[in-house]
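Following full-length UniProt numbering, the numbering of the sequence shown begins with 1 at its first residue and continues without gaps.
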Amino acid sequence: MRIFVGHYHSLSLNQKSWDIVTDSGYKYVNHIGSFNYSWDEGDFHLIQLHDYPGMTGYDYNKTIISSDERKLYMRWDKELTWLKKSIEGAVSRGKYIIVNIHQPDGWKKEALRAIRTLFYQYKDNIKAVFAGHHHILYGYYENILSGMGGNIPVFLFGSASQQTYLIMESDDADLNLFIFLIKKNNWQAKN
Numbered sequence: 001m002r003i004f005v006g007h008y009h010s011l012s013l014n015q016k017s018w019d020i021v022t023d024s025g026y027k028y029v030n031h032i033g034s035f036n037y038s039w040d041e042g043d044f045h046l047i048q049l050h051d052y053p054g055m056t057g058y059d060y061n062k063t064i065i066s067s068d069e070r071k072l073y074m075r076w077d078k079e080l081t082w083l084k085k086s087i088e089g090a091v092s093r094g095k096y097i098i099v100n101i102h103q104p105d106g107w108k109k110e111a112l113r114a115i116r117t118l119f120y121q122y123k124d125n126i127k128a129v130f131a132g133h134h135h136i137l138y139g140y141y142e143n144i145l146s147g148m149g150g151n152i153p154v155f156l157f158g159s160a161s162q163q164t165y166l167i168m169e170s171d172d173a174d175l176n177l178f179i180f181l182i183k184k185n186n187w188q189a190k191n
């Protein structure tokens, strides 16, 4: 985590933000938060969420991942507040929003309901959600607002182990998104 924290702080990203607080003393460093982060890139605001909203078990309030005197306290309880603030800031700056998350499904019902409600509120600003987890699956997965009267597509981006990934491009004129599937790591043959 120390390397990631240093790396993140060294990046010169526009409007970067993350959900982590660092507390340090003479012989300790604690990192507390959901470890989500975001930044602006051109007309877009990119949000990187952790594994999946509402994750429990080895994570959040009860979990401490310790290495020597460095501790990670991973929590979801404030993630939704951070996410809403990140989205609101992007909307106020006139940005379109792309959300990345590891796992597209298996979320706790309460977290899914909260995320869908938040995303519905900003359905005109959130253009797509990209997810992984299902290594052998790629391409369009589902509409996260299915049944709610909105459309935010979820795309699975494959995995390095399967030599598949997605490339997102936008045209400068209308900001239409184009999602291309790359197979066998051959980006020249994108389709």
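For glycine and all other residues, C-beta sits at the position ideal for the given N, C-alpha and C.
Listed as beta-bridge partners of H45 by DSSP are D40, I97. If the five residues before and after Y120 are omitted, its C-beta is found closer than 7 Å to the C-beta atoms of L145, M148, G150, all from its own chain and listed in chain order.
Residue burial annotation: F178 is exposed, with fewer than 16 other C-beta atoms found within 10 angstroms of its C-beta. Check the Cα spacing between I182 and each of G139, Y122, I47, I20: the tightest is with G139. C-alpha of P53 to C-alpha of A173: approximately 34 Å in a straight line. From the listed residues G106, L13, V129, the smallest Cα separation to D40 is found for L13. When DSSP reads this structure, Y165 sits in a beta bridge with I182. Non-local beta-carbon contacts of T22 in its own chain, meaning distances under 6 Å to residues more than five positions away in sequence, involve H31 in chain order.
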